[in-house]
């Protein structure tokens, strides 16, 4: 019976392996990961390590496997082969999406995905870690401590003034920040951020860059982005993906001089002669 | 005020509840204590008719909870309504006792007619009111839970889920049509005599059933209103608008869905159980796919995602049906179809949405 109740408990899932063990300085391990869809190798023997507290940008042409890689880390897609570990002890391949979210991996989608009829404050409340237990779910009001946490995140993403407005009426950039705020409410160790500045004005981009940089250190942040100017403004380390594998890794200036990277980005013409 | 905040801010709901209280008090007085020749007298026919509308309204509320808030368009909710109705009908059959045509102490008439020797096992316990009352919740709830558990775990959603729910109710209809099932086949269960010793023919019993229907509707409404005002309500909206977002925030979407779907099915079961003694019959026709679709139309007409709208929609559409099927029977189905098209195109938030828009533009 207690089994059934814990099954019914919308939270049900208990943290599978205790706290994240990043004592070796690495928070996320992807090793020799491959996945193919109908014979097409979306990820081909990919190995990637993200350090604890690091801010990493991932770039690459369309179809390089950036989104598939995010899908694998967050449990949406299971790879055919390879290992994916969070810290040294947690095998992410054994967990599903909600369980992965609960151990501290937050994901921002490419298209801003906030719940439009709910206010900014309610969106953050929804994302609050600890709200997922059945008892927490059946409460109609916030405790003082919860209110403070939400206020702090609103402040951090610059939406304090918008707290009571429905998320649907916020500007595009504000929606993106709100979604980042929702990730912060989950108290994650690792943030996966897919194209955060697509469609943003230069001023909004600048604020987003500051926000993401301020998160690094206390969180590891992985940003997938096309905008090179933005990548330059935030990243110290950049990984270039191409055809499902790591083409090059290093500082952006080094990569821009890298012959293979130039080839991939400028098309195949150079290679032909 | 004594009311909690989540109810206080629900003005349309408070109006609806006030109307229910007025009806729940007024109709019994006008039926039982105002003489039949008085112009204000409410006939017993009207009492039963209103009671029936209230049961439909509860069914509509239960559909709105899963459709309006969680985005699951169930086209099979009448199945849960009918199952609740059958559970109640089985109790009422056992109460007939030796007063049936064949006078058998245990077996209902249709079983004697089929030359059955003994009561099938699944009829045991239904002579007890408490057991039947429990089954009214348990049978629809269990079916919804098992169905929901598998469907939602396999991530069946959208139109595919709607189609499966139609198949579910259709399959149940075919099964209940069969005499071997032991539920009276084509004729269903009828010729009820009394409930808890009170004659179903008497005016006072009918009035009590009407009041119980009003109470059940009010209770069901309040439970749903409370649920959607909790954090759970926001999780439901998140699931409706962006299932992936909810999942990546760490919510076990399929469990939440199964749980709320089960609760909704139980409400529908209660509605069906109160409906059967008031109309005096339950047969497999109640499982007809069209019934579930009609109920969805009530919700759409009233305004989905509002909980009050479905109550308004169920009463208005059924009142029109009662009136039209007497005046112009051949027009009814066209009117119903036309209504659905018109509401979908012109009033996406139904009648309640129209009222809200009026108020917003006025202020």
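Residue numbers (my numbering), protein chains in the order written: chain A, 3 to 275; chain B, 19 to 381.
Just so it is clear, CB atoms sit at the ideal spot from N, CA and C, and this is done for glycine as well.
Bear in mind that the values here come from a model prediction, so they are computed numbers and not experimental data.
Collapsed DSSP secondary structure at residue i in the structure displayed
i	result
residue 31 (chain A)	strand
residue 339 (chain B)	helix
residue 189 (chain A)	coil
residue 90 (chain B)	coil
residue 4 (chain B)	Beyond the ends of chain B as shown, which are 19 and 381, falls residue 4 (chain B); an answer cannot be given.
residue 37 (chain A)	strand
residue 223 (chain B)	helix
residue 288 (chain A)	Residue 288 (chain A) lies beyond the stretch modelled for chain A, which goes from 3 to 275, so this question has no answer here.
residue 84 (chain A)	strand
residue 243 (chain A)	strand
residue 270 (chain B)	coil
residue 302 (chain B)	helix
residue 10 (chain A)	Caution is warranted here: a pLDDT of 41 is assigned to residue 10 (chain A), below 50, making its placement in the model unreliable, and no coordinate value can be reported.
residue 53 (chain A)	strand
residue 290 (chain A)	Nothing can be reported for residue 290 (chain A), as the shown portion of chain A is limited to 3 through 275.
residue 110 (chain A)	strand
residue 212 (chain B)	strand
residue 240 (chain B)	helix
residue 270 (chain A)	Because the pLDDT at residue 270 (chain A) is just 48, under 50, the model does not fix this residue reliably, and the point stays unresolved.
residue 221 (chain A)	strand
residue 205 (chain A)	helix
residue 250 (chain A)	strand
residue 173 (chain B)	coil
Residue burial classification, residue i (beta-carbon count within 10 angstroms, cutoff 16)
i	result
residue 316 (chain B)	buried
residue 301 (chain B)	buried
residue 202 (chain B)	buried
residue 262 (chain A)	exposed
residue 266 (chain A)	buried
residue 85 (chain B)	buried
residue 53 (chain B)	exposed
residue 244 (chain A)	buried
residue 89 (chain A)	buried
residue 49 (chain B)	buried
residue 3 (chain A)	Reliability of the predicted coordinates at residue 3 (chain A) is poor, the pLDDT of 40 falling under 50, and no value is obtained from them.
residue 104 (chain A)	buried
residue 125 (chain A)	buried
Minimum Cβ-Cβ distance from residue i to chain A less than 8 Å
i	result
residue 24 (chain B)	yes
residue 174 (chain B)	no
residue 332 (chain B)	no
residue 263 (chain B)	yes
residue 55 (chain B)	no
residue 374 (chain B)	no
residue 380 (chain B)	no
residue 269 (chain B)	yes
Chain A residues whose Cβ lies nearer than 7 Å to that of residue i
i	result
residue 82 (chain B)	Those do not exist, as residue 82 (chain B) stays about 15 Å from chain A at its closest Cβ, beyond 7 Å.
residue 98 (chain B)	Those do not exist, as residue 98 (chain B) stays about 19 Å from chain A at its closest Cβ, beyond 7 Å.
residue 266 (chain B)	76, 99, 103, 109
Chain B residues whose Cβ lies nearer than 7 Å to that of residue i
i	result
residue 120 (chain A)	252, 255
residue 124 (chain A)	252
residue 138 (chain A)	249
Proximity test, Cβ basis, 8 Å: residue i and chain E
i	result
residue 171 (chain B)	Within the model displayed, chain E is absent; protein chains A and B are what it includes.
Chain B contact for residue i (CB, 8 Å cutoff)
i	result
residue 103 (chain A)	yes
residue 109 (chain A)	yes
residue 21 (chain A)	no
residue 71 (chain A)	no
residue 184 (chain A)	yes
residue 222 (chain A)	no
residue 142 (chain A)	yes
residue 260 (chain A)	no
residue 255 (chain A)	no
residue 200 (chain A)	no
residue 127 (chain A)	yes
residue 10 (chain A)	Its pLDDT being 41, under 50, residue 10 (chain A) is placed unreliably in this model, and the coordinates cannot settle the point.
residue 266 (chain A)	no
Chain B residues whose Cβ lies nearer than 8 Å to that of residue i
i	result
residue 117 (chain A)	252, 255, 256, 259, 260, 263
residue 188 (chain A)	267, 268
Any contact between the segment 110 to 121 of chain A and the segment 193 to 203 of chain A? By contact I mean 3 or more CB pairs, one from each, below 8 Å.
Yes: at least three Cβ pairs fall under 8 Å.
Does the segment 305 to 315 of chain B come into contact with the segment 353 to 362 of chain B, if we say contact requires no fewer than three beta-carbon pairs (one atom in each stretch) closer than 8 Å?
With the cut-off at 8 Å, the segment 305 to 315 of chain B and the segment 353 to 362 of chain B touch.
Cβ contact check for the segment 141 to 151 of chain B and the segment 109 to 118 of chain B: 3 or more pairs under 8 Å:
Result yes; three or more Cβ-Cβ pairs closer than 8 Å.
Should the segment 59 to 70 of chain B be regarded as contacting the segment 270 to 280 of chain B, the criterion being three or more beta carbon pairs within less than 8 Å?
The segment 59 to 70 of chain B vs the segment 270 to 280 of chain B: no contact.
Kindly confirm or deny that the segment 146 to 162 of chain B and the segment 89 to 106 of chain B touch, where touching means at least three C-beta pairs closer than 8 Å.
Between the segment 146 to 162 of chain B and the segment 89 to 106 of chain B, the count of C-beta pairs closer than 8 Å reaches three or more; the two stretches touch.
Contact between the segment 137 to 148 of chain A and the segment 279 to 292 of chain B (3+ Cβ pairs under 8 Å):
Judged by Cβ distances under 8 Å, the segment 137 to 148 of chain A makes no contact with the segment 279 to 292 of chain B, as fewer than three pairs qualify.
Cβ contact check for the segment 249 to 267 of chain B and the segment 158 to 165 of chain B: 3 or more pairs under 8 Å
Between the segment 249 to 267 of chain B and the segment 158 to 165 of chain B there are fewer than three inter-stretch CB-CB distances shorter than 8 Å, so the stretches are not counted as touching.
Tell me whether the segment 71 to 87 of chain A and the segment 41 to 49 of chain A touch, counting them as touching only if at least three CB pairs, one residue from each stretch, are closer than 8 Å.
Between the segment 71 to 87 of chain A and the segment 41 to 49 of chain A there are three or more C-beta pairs closer than 8 Å, enough to call the two in contact.
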